[in-house]
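Below: the structure, in structure tokens.
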Amino acid sequence: MQTQSVSREIQPLADVASLALEEARRQGASECEADASLGRGLSVSVR
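For the sequence shown, the residue numbers in the numbering used here are 311 to 357.
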């Protein structure tokens, strides 16, 4: 199934974004956000 394949592919990306947010909070960030998307490749954006 296509949906299951996408879910398996994006989960590691979501995990990395979550770790980045946790680290930002740990270091005292007053605001943080992360965006994960799946297209032709994988990318993570963290602010």
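From the three backbone atoms N, C-alpha and C, an ideal C-beta is built for every residue, glycine too. Quick caveat, the model's predicted, so the values are computed rather than measured.
Rounded to the nearest angstrom, how far is the Cβ of residue i from that of residue j, given a contact under 8 Å?
i	j	result
Val356	Ala324	Between Ala324 and Val356 the Cβ distance is about 12 Å, and since that is not below 8 Å, they are no contact.
Leaving out five residues before and five after residue i in sequence, what residues of the same chain have Cβ atoms less than 8 Å from its Cβ?
i	result
Ala334	Cys342, Val356
Out of curiosity, what's the CA-to-CA distance linking residue i and residue j?
i	j	result
Gly349	Arg336	30 Å
Gly338	Ala344	16 Å
Once the 5 residues before and after residue i are set aside, which same chain residues still bring their CB inside 7 Å of it?
i	result
Ile320	Ala346, Leu348
Met311	Residue confidence for Met311 is low, a pLDDT of 49 falling below 50, so the modelled location carries little weight; the figure read from the coordinates is stated next. Hits under 7 Å: none found.
Might you give, ordered along the chain, the residues of its own chain that have their beta carbon closer than 6 Å to the beta carbon of residue i, omitting 5 neighbours on each side?
i	result
Arg318	none
Ala330	Ala344, Val356
inquiry  = Please give me, in chain order, every unbroken run of the beta strand (DSSP E) with length at least 3 that falls completely inside the stretch 320 to 349.
reply    = Complete beta strand (DSSP E) runs here, min 3: 344 to 348.
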